[in-house]
Structure formats: C-alpha cells, structure tokens
Amino acid sequence: NEKMLEVKGLRTSFFTHVGEVKAIRGVSFSLDKGEAIGIVGESGSGKSVTSLSVMGLLQYPGKVIDGEILFKGQDLTKKSDKEMQSIRGNEVAMIFQDPMTSLNPVYTIGDQIMEAIRRHQGLNKEEARKKAIEMLKLVGIPSPEKRVDNYPHEFSGGMRQRAMIAMALSCEPSLLIADEPTTALDVTIQAQILELMKDLKEKINTSIILITHDLGVVADVCSRIVVMYGGLIMEEGTTEEIFYNPKHPYTWGLLKSIPRLDLGGKKRLVPIEGSPPDLLKPPKGCPFAARCPYAMKICMEQLPEFYQVGENHRTLCWLQDENAPQVEVETGVQR
Ligand code: SF4
Ligand code: MG
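304 is the number that the UniProt record's numbering gives to position 302 of the sequence shown; each next residue is one higher, with no gaps.
Shown next as structure tokens:
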C-alpha cells in the first residue's frame, strides 16, 4: 500500500515561561493512500497537537523538537513556512470543531469557496462559481444555487460545518485532517456529516485523519484507531480490534464512556475518573498509572514498551508482560 503520511518519533513541546510542556513525547503512526484513521483521546492527550504539528500550524511557543513527518515521502518538518502554506492550501486540508473560526462573516459562503477554488485551481470567476455550487451540492446543502449567496450567519450550525467541508475539499486534498468536526453538532447532523466524510473518501480517495474524544464517532468512518494519552500512543489497532479486543485500560475506559443511546433511551456514560497528567512534569512511568485500576508497582516506575498483540495491534501497557496478572474486562461493547 502506498503511504500518504508517516509520522516517526514525533516530539512536540511548548516552551512556556514556567518550563517545557512535553505535549507529544514520541509518537509514530502511518496512513495509507485513501485510508481513514481515527486519533482518539480526552482533551490534553496530544491528539490536536499532533495534527497541528503535521499541518505546520503550531502556535508559539509550540515547536516540533524531534522526529519526521513524511507526507508523500517528503519531510514536512524541513519545509519553510511558505512551502507549508502551499501544501496546506493544495494537498492537505483541515477542518475544525467551530466553523465560525474558519468562515469569514463578512463574505458570502460562495465567495469563500470560490476564493479557495480560484487560488488553487486557477479557474475564472464564472467557472469557480459553478464549481462552488457543485461543492455545496456534494456536501448536501439544499438549493445550492441560492444558498451560494448566503452569509455564514444565514446557515445553521450543521450547514456551516458542511460549507467548511466543501471549502476544505474544493482543493481536492490528498489528506484531510478533521479535528472534532462534529462535536458541536446534534446527533442527527453529526451522523450526516460522518456519512458525508465516508462518501467523500470513496469519491475523491482522500486520506482522512479524524480526531475526536468520542470513540463512537470513529467506528463507522475509520478502519484503524490510534488511542492517545499523556502525549503518547497507548494502543493502536484496527477498528475491529479496538472495539472487540481492546487491550489497554485507557481504551477500556474510553469504551465505557461512549454515550449509549440504545439502552432504553438512557445515556450510559461512565467517565474515567481523575484527570490527565501534567506534561510540564510527565510521570516517569505509565502516564495513565494515577487513574488506572490495574496499576502495578512497575507502572509507576517505568514506561512500558509496545507489546505487539496482533499483526496490526499494539499496546503500551505492562499488563501484557508475562509476569502480569490476567485481567478480563467488560467494556459493554457487543459484537
Ligand atoms: Fe495501567 Fe500499568 Fe497498563 Fe499503565 S501500564 S495502563 S498503569 S496496567
Ligand atoms: Mg483538541
């Protein structure tokens, strides 16, 4: 399979006035052409910082301090700001949780999509307008010929999110990074947007990184899942493995905290107690040890290495050590 993205040994820190916050502490993963993966974790786990590092969008005082980010074989950490700008416009696109941060309230939706199209595809105004209408139609905006002249405030939240996806996709990126793209939306619209992303993956063969705190969101769209915590990957596997054969206590916690609408209409949400580690002084052992019900002495003292538990499945947890006790866990996810 052709590699779209290979992140190797990524370390990103924020050099604040109180010290170095080690937000990403050695993260490696890859993504094939046309593949969709999910990066999942609570806020503060490092998932957004990972994507901002890839996009070259880290804000001061954030800095990639080590590792490689190979996009189609080229190391993005070695690109100038100007080169990154051109890559972002043409080949890699990003959508964020709040579309209002990316849409300009004083221009029409159409003007903004046309601007993106003209900048990247060199079309004239009339052709760009036609393409903008086409894109709005593709993302399921009703009467796109009329809606193209609306301002962002005339769109509902769900429609703005679709418009932003249209804008991101109008340059036909080979990689789309979506950071919590549906978090602010209600459940029905959320499902529609995810369905749309799935469609676009098939139609345009775009590779997708979907970043979310909600494991439930990635199940349908992604074939692989990377679970992050404390600036590290805790577990990585196929969606099937992560849901039905999870090996990491943090993944177990995330699975139990998925809102369940199917159980008598009641949400069954069991949050993981405690809060993420302070990455100004990262724990020397497993970052999850302070919250893990299975923590052993060694967990506090030493960071585990990855254990390969299946062909495409690895976990960073001492429970896989041959001397560790056997634990069986009921995550509530049924096949
Ligand atoms: Fe829990 Fe230890 Fe595994 Fe960390 S290494 S998740 S503390 S059992
Ligand atoms: Mg985030």
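By construction, the Cβ of each residue, glycine as well, lies at the ideal position given by its N, Cα and C atoms.
Every value quoted in this text rests on a predicted model; they were computed, and no experiment measured them.
Comparing alpha carbon positions, the residue from Lys-133, Lys-10 and Ile-39 closest to Gly-75 is Lys-10.
Per DSSP, reduced to three states, the secondary structure at His-122 is helical.
If one requires a minimum length of 3 residues, the beta strand (DSSP E) runs lying completely within the segment 205–242 are 209–214, 226–231 and 234–240, in chain order.
As summarised for the segment 46–122, the continuous beta strand (DSSP E) elements at least 3 residues long and confined to that stretch are 64–73 and 94–97, given in chain order. Secondary structure at Glu-128: helix, using DSSP grouped into helix, strand and coil. Between Thr-185 and the set Lys-49, Arg-164 and His-215, the nearest pair of CA atoms involves His-215.
Its chain contains Ile-71 as the residues whose beta carbon lies nearer than 6 Å to that of Val-56, once the 5 sequence neighbours on both sides are disregarded; these appear in chain order. About 7 Å separates the Cβ atoms of Ser-172 and Lys-133, confirming a contact at the 8 Å cut-off.
For Trp-254, the Cβ stays outside the 6 Å cut-off from all heavy atoms of the ligand SF4. Gly-36 sits in coil when the DSSP states are folded into three classes, being neither helix nor strand. Per DSSP, the continuous alpha helix (DSSP H) segment holding Thr-253 begins and ends at 251–258. When secondary structure is reduced to three states using DSSP, Ala-291 falls in the helix class. Taking a contact to require three or more Cβ pairs closer than 8 Å, the segment 77–96 and the segment 304–321 do not qualify as touching.
For Gly-312, the beta-bridge partners assigned by DSSP are His-315. Here Glu-147 carries a helix assignment [DSSP, helix/strand/coil].
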